[in-house]
């Protein structure tokens, strides 16, 4: 028994704590300064847009600057193509093993390119890049000599969670991100690595904030504007759920359509041209919006806009401006995302939900709702929009509590999130991040052929998989462990993944792969060096199918 615990301590607990803590500290530090720089650049950018109102000659400088920034972003993307598009879907693809990336290039390029996007005023956020930064830093940490190769995706998962937690000041949501969104499953090893990284990452950001006099605060400091719902008001969250579901489904479909147009009809348009169009369009909108649509609220990620909307019960922003901002951001976020510009869609997506919430609040107040609930409706709508668009209801629910530091109205938040999530599931509109990830996977594997093969592998005595459950192991993408023949020659099926593996066990593995040699090498990292080369039985070969169809 003591030997069993000693083995678990050495091969699970110690690596999780050491690599999780080290990765978390690095990610917390890097993301803290990344956000600090992003805030400063956004402020300076806003000053330039405002100055252009007083000096018309600056308009030409703003347009020219947008072109220069777009070209700079293009060359950085040439150096590191992994920075194209949203940070969260790409990070999820890397964590699931369906996307590859170069960790150092990705870290440097996403850092700089995101700053370029923020300075230009693109309606993209820092949260997605923070997640990708965390993933890249985790990829670097996994290169340490004491790290087993099979820990790589666990360490990167911890880095991604820490990046999300530090960027949003929502540690529990960061942990849930790994379970509900990134891997869509719960395992003790993923959970422990996520907790370890998030705790140390958030601690690092808090310490830096205290040291530099720039303390970490709630993402949205709006609890004072959120009135308390009563049971007589239950019609509000129910109606909100319906409205949110309709708009979230429409938004997802529109983003998918824009992405499809970029990938098909605009496929031959050079990437530099796509970026220039988006950057210049953003500059034009910024120049127009400064004088007409409540300053620069049409630009940037939208975090400040969300706080303004929650505090709008005094009608400092009229409903026509809210509607204009909703339409502008609805379209520009989709176009910016589809163009491949570097930046996140998490906070921009929340801003669309908040704008919808403000429009609903205007309507409900006219129908007799207490105006004190205005801010509550905005935040409920924002949260449920996130849950419906990404199909992560639990993450959305916890995020609402953490981003406002308020437990009030949790029951009504749950109602809105549940109704919107259920309706989106019924109409079967795919989750936002899943479709964005699918686009990235298709581009990476364009022109390649895949096989579906079956092979037997033996668990070596010193293998990473020893004493771990099948479900605890992050296998290569599209891998299924079917039959397990234990060392005592007893055959067992393992449909639920609970079977623990031991030295000498023989596994029958079925895998879909674009690179059989690389996939088998990854399996050997998990199961140990094989006594003989595994013999693959090919079930399907897309290359042969294509050849047959062409004859």
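Numbering (the numbering used here), first residue to last: 80 to 630. Every residue, glycine too, gets a C-beta built ideally from N, C-alpha and C. The model shown is predicted, which means the values in this text are computed figures rather than measured ones.
Query, Result
"If you reduce the DSSP assignment to three classes, tell me which class residue 192 lands in.", "helix"
"Can you grab the Cα-Cα spacing for the pair residue 256 / residue 315, in whole Å?", "28 Å"
"In three-state terms, what does DSSP make of residue 561?", "strand"
"Residue range of the alpha helix (DSSP H) that residue 327 falls in?", "314-342"
"Below 8 Å between beta carbons: does that hold for residue 427 and residue 380?", "yes"
"Is residue 620 helix, strand or coil by DSSP?", "strand"
"Can we say the segment 123-141 touches the segment 349-361, given the rule of at least three CB pairs closer than 8 Å?", "no"
"Roughly how many angstroms lie between the CA atoms of residue 495 and residue 278, to the nearest whole one?", "30 Å"
"Measure from the alpha carbon of residue 157 to the alpha carbon of each residue in 185, 244, 417, then state which is nearest.", "185"
"Take residue 519 and list the residues in its own chain whose beta-carbon comes closer than 7 Å to its own, dropping the five residues that flank it on each side.", "164, 168, 169, 172, 178"
"Tell me, to the nearest whole angstrom, how far the beta carbon of residue 477 is from that of residue 252; I am working on the premise that it is less than 8 Å.", "5 Å"
"Rounded to whole angstroms, what's the CA-CA distance from residue 499 to residue 124? Just pull it up for me.", "36 Å"
"So which of 596, 110, 463, 176 has the shortest CA-CA distance to residue 285?", "110"
"Taking residue 597 as the reference, give the member of 581, 326, 582, 556 with the closest Cα.", "556"
"Does the Cβ of residue 312 have 16 or more other Cβ atoms within 10 Å, making it buried, or fewer, making it exposed?", "buried"
"When you compare the CB positions of residue 281 and residue 107, do they come within less than 8 Å of one another, or not?", "yes"
"Extract the residue ranges of the alpha helix (DSSP H) inside the segment 403-477, only unbroken runs of 4 or more that lie entirely within it.", "425-445, 453-469"
"Contact defined as beta carbons within less than 8 Å: I believe residue 302 pairs with residue 485. What is the distance between those atoms, to the nearest angstrom?", "4 Å"
"Check whether the Cβ atoms of residue 431 and residue 464 sit closer than 8 Å, and answer yes or no.", "yes"
"Do you know offhand how far residue 176's Cα is from residue 262's?", "10 Å"
"So, at 6 Å on beta carbons, what are the nonlocal neighbours of residue 146 in its own chain, with the 5 sequence-adjacent residues on each side left out?", "355"
"Could you tell me which whole alpha helix (DSSP H) segments of length 4 or greater appear in the segment 222-300?", "231-247, 250-255, 267-291"
"Could you tell me which residues DSSP pairs with residue 204 in its beta bridges?", "423"
"Should the segment 577-592 be regarded as contacting the segment 535-555, the criterion being three or more beta carbon pairs within less than 8 Å?", "yes"
"Run through DSSP, which three-state label would residue 123 get?", "helix"
"Among all the DSSP beta bridges, which residues are the ones paired with residue 535?", "587"
"Are there 16 or more other CB atoms within 10 angstroms of the CB of residue 505, so buried, or fewer, so exposed?", "exposed"
"So for residue 387, helix, strand or coil by DSSP?", "helix"
"Spatial neighbours of residue 104 within its chain, please: CB distance less than 6 Å, with the 5 preceding and 5 following residues excluded, ordered by chain position.", "279, 283"
"Identify whether residue 220 lies in helix, strand or coil by the three-state DSSP scheme.", "helix"
"Quickly, what does DSSP pair residue 392 with across the bridge? List them, please.", "Answer by DSSP bridge pairing: none, since residue 392 is not bridged."
"Taking its Cβ as the centre, do 16 or more other Cβ atoms sit within 10 Å of residue 194, making it buried, or is it exposed?", "buried"
"Of the residues 470, 584, 406, 398, which one's Cα is nearest the Cα of residue 507?", "470"
"What residue range is occupied by the uninterrupted alpha helix (DSSP H) comprising residue 156?", "136-158"
"How many angstroms separate the CA atom of residue 247 from the CA atom of residue 610?", "48 Å"
"With distances taken from CA atoms, which of 229, 337, 516, 254 is nearest residue 417?", "337"
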